[in-house]
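Visitor: Chains as they are written, first to last, in this note's numbering: chain W, -15 to 174; chain P, -15 to 174. Just so you know, even glycine gets a beta-carbon here, dropped at the ideal spot from N, CA and C.
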DNA sequence: GTCTATATTCCGATAGAC
DNA sequence: GTCTATCGGAATATAGAC
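Shown next as structure tokens:
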């Protein structure tokens, strides 16, 4: 099934991410991953000795993806509105597959997480909030975005709307999430 | 330990609620409850045959508490501002104990919930959103609250800010949650 | 209503062969 | 790098005595 040596490891990470966003960290097992990849329990343990090692690398991968998003948005010619939209689009993609964001999923389990994962999760949240805050501050300065709160507070408001919004979508339907997105963009771009 | 027959059942419900809000539905066991109440595993099963029965009753209890809140806010002489504050205060109380709201906790586990709990959770969310929406609509009509969105959308925005806000507080600290509350009240009451 | 005792299943994890 | 085999532990749950 796996040709190059790293293929299996990458597949495990991908599946782990998917399971966490779909079912939650405590609701999938190494057996679930092994079955899906048509390998055995022990093979998963070879790549990630403990489940907490897998979790830490999944959160780390999410961090790297946000660094990549930040870099891609630094290219010239992208409006602040487009940058905010790119951020929102990440949540929309999750929503359309019945998933929730990693922060919301793992965050709900915060008090049961191994210390290593707690630290990485905090790093991730600060990264995301910082990214949004920067876009907001620049957008306001350039006159492309309008909001009355501080950029810091506004980034928290937006992120909490989206993170809880994708969770709400699974309970009451996707139209509530769509309404959140429309409202956020309308607030910011008048 | 338990004098009246219903004491144990009430204690189990109370502990179950606390565990769900602190650790999550999949991270506590009947053994945890039994140990805390100094009874045995089997005694918990007597009151709630399956864990999903316990979950359903906990969500139902939460529904009843919101009905009580709704009734208490119908008394005359309470301003719309005070009603919103009463709603926010529920989240603040959770936050101060490192807990998150039932909706956010169980909502993260949505795809793994028994059908009975899913139905009750949907009922709970609609109840809470409806309650906030009503207060917003009346407050706007009376000139006590200001917002540009529809009351329905605004209720969703407020609820998602609070639900995710208490989760964020465990990760990055309580000051972010406090900032959310201050911002929400400032938005609504100018 | 609570107990002892136990059945069943699953999970995370490891040893050692290939 | 993956396998077979297995261990220890925990969780949900039930039978039957008190």
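Let me know the secondary structure DSSP gives residue -12 of chain P once reduced to three states.
Guide: Because residue -12 of chain P sits at a pLDDT of 48, beneath the cut-off of 50, its placement in the model cannot be relied upon, and the following sentence gives the value as read from the coordinates. Residue -12 of chain P: coil per DSSP, three-state reduction.
Visitor: With the cut-off set at 8 Å, would you say residue 116 of chain W and residue 143 of chain W are in Cβ contact?
Guide: Taking 8 Å as the Cβ cut-off, residue 116 of chain W and residue 143 of chain W qualify as a contacting pair.
Visitor: Relative to the C-alpha of residue 58 of chain P, which residue among P:110, P:150 and P:118 is closest?
Guide: Considering only alpha carbons, the answer is P:118.
Visitor: Using the Cβ count rule (16 or more neighbours within 10 Å means buried), how would you classify residue 178 of chain P?
Guide: Because chain P is modelled from -15 through 174, residue 178 of chain P falls outside the range shown and cannot be assessed.
Visitor: In chain W, what lies closer than 8 Å to residue 154 of chain P by C-beta?
Guide: Here the neighbours are 91, 94 and 95.
Visitor: Output yes or no for whether 8 Å exceeds the beta carbon distance between residue 168 of chain W and residue 72 of chain W.
Guide: Yes. Within cutoff.
Visitor: Which residues in the same chain have their Cβ closer than 7 Å to the Cβ of residue -13 of chain P, if we skip the five residues on either side of it in sequence?
Guide: Residue placement at residue -13 of chain P is flagged as unreliable, the pLDDT there being 42, under the threshold of 50; a coordinate-derived value is accordingly withheld.
Visitor: Per DSSP, what kind of secondary structure is residue 129 of chain P in: helix, strand or coil?
Guide: In this structure, residue 129 of chain P counts as coil in the three-state DSSP scheme.
Visitor: Between which residues of its own chain and residue 79 of chain P is the CB-CB distance below 7 Å, once the five residues before and five after are set aside?
Guide: Once the five neighbours on either side are set aside, the close Cβ partners of residue 79 of chain P are 150, 153, 158 and 161.
Visitor: Consider the Cβ of residue -15 of chain W: report whether some Cβ of chain P lies at a distance smaller than 8 Å.
Guide: Note on residue -15 of chain W: pLDDT 46, under 50, position unreliable in the model; the coordinate value appears next. So no, residue -15 of chain W is outside the interface.
Visitor: Please identify the residue among P:99, P:155, P:108 and P:66 whose C-alpha is closest to the C-alpha of residue 123 of chain P.
Guide: Comparing Cα positions, the closest option is P:66.
Visitor: Let me confirm a value: residue 75 of chain P is counted as buried when at least 16 other C-beta atoms fall within 10 Å, else exposed. Which label applies?
Guide: So residue 75 of chain P ends up on the buried side.
Visitor: Have a look at residue 172 of chain P and residue 61 of chain P and give me their C-alpha separation to the nearest angstrom.
Guide: Roughly 19 Å separates the two Cα atoms.
Visitor: Let me know if residue 88 of chain P comes out buried or exposed under the rule of 16 or more other beta-carbons within 10 Å of its beta-carbon.
Guide: So residue 88 of chain P counts as buried.
Visitor: Give me the chain W residues within the contact set of residue 6 of chain P, using Cβ-Cβ distance strictly less than 7 Å, ordered along the chain.
Guide: What residue 6 of chain P touches in chain W: 95.
Visitor: Anything in the region 99 to 123 of chain P with a Cβ closer than 7 Å to a Cβ of chain W? List those residues in chain order, please.
Guide: Flagged, chain order: 105, 106, 109 and 110.
Visitor: State the DSSP-derived secondary structure class of residue 19 of chain W, mapped to helix, strand or coil.
Guide: Reduced to three states, the DSSP call for residue 19 of chain W is helix.
Visitor: So which of W:91, W:7, W:130 and W:81 has the shortest CA-CA distance to residue 6 of chain P?
Guide: The residue with the shortest Cα to Cα distance from residue 6 of chain P is W:91.
Visitor: Taking only three categories from DSSP, how would you classify residue 93 of chain P?
Guide: Three-state DSSP puts residue 93 of chain P in coil, outside helix and strand.
Visitor: Should residue 39 of chain W be flagged as near chain P, meaning a C-beta pair shorter than 8 Å?
Guide: It does not; no Cβ of chain P falls within 8 Å.
Visitor: Locate the alpha helix (DSSP H) running through residue 71 of chain W, then write down its first and last residues.
Guide: Its alpha helix (DSSP H) spans residues 64 to 79.
Visitor: Closest Cβ-Cβ distance between residue 167 of chain P and chain W: below 8 Å?
Guide: True, the Cβ-Cβ gap to chain W drops below 8 Å.
Visitor: Just to confirm, are residue 108 of chain W and residue 47 of chain W a CB contact at a threshold of 8 Å?
Guide: Yes.
Visitor: Can you list the residues of chain P that residue 11 of chain W reaches, using a CB-CB cut of under 9 Å?
Guide: Per Cβ cutoff of 9 Å: 10, 93, 95 and 96.
Visitor: What whole-angstrom Cβ distance do residue 8 of chain W and residue 93 of chain P have, given they're in contact under 8 Å?
Guide: About 5 Å separates the two Cβ atoms, so the contact holds.
Visitor: Roughly how far, in whole angstroms, is the beta-carbon of residue 43 of chain P from the beta-carbon of residue 86 of chain P, given that I think they are within contact range, below 8 Å?
Guide: About 7 Å separates the two Cβ atoms, so the contact holds.
Visitor: Note down, in chain order, all residues in the region 132 to 163 of chain P with a beta-carbon under 7 Å from any beta-carbon belonging to chain W.
Guide: The region 132 to 163 of chain P vs chain W, Cβ under 7 Å: 133, 137, 140, 141, 144, 145, 147, 148, 149, 151, 152, 154, 155, 156, 160 and 163.
Visitor: List the whole-angstrom C-beta distance separating residue 187 of chain W from residue 155 of chain P, where the pair is believed to meet the contact cut-off of C-beta under 8 Å.
Guide: No answer is possible for residue 187 of chain W: it lies beyond the span of chain W, which begins at -15 and ends at 174.
Visitor: Contact criterion: CB-CB distance below 8 Å. Does residue 174 of chain W meet it with respect to chain P?
Guide: Judged by the 8 Å Cβ criterion, residue 174 of chain W is not in contact with chain P.
Visitor: With DSSP run on the structure shown, which of helix, strand or coil describes residue 7 of chain W?
Guide: Coil at residue 7 of chain W, not helix or strand.
Visitor: Just the C-alpha distance for residue 50 of chain W and residue 174 of chain W, rounded to the nearest angstrom, thanks.
Guide: C-alpha separation (whole angstroms): 27 Å.
Visitor: Ordered along the chain, which non-local residues of its own chain (more than five positions away) have a Cβ less than 6 Å from that of residue 30 of chain P?
Guide: There are no such residues.
Visitor: If you draw a straight line from the alpha carbon of residue 36 of chain P to that of residue 146 of chain P, how long is it in whole angstroms?
Guide: In a straight line, the C-alpha of residue 36 of chain P is about 27 Å away from that of residue 146 of chain P.
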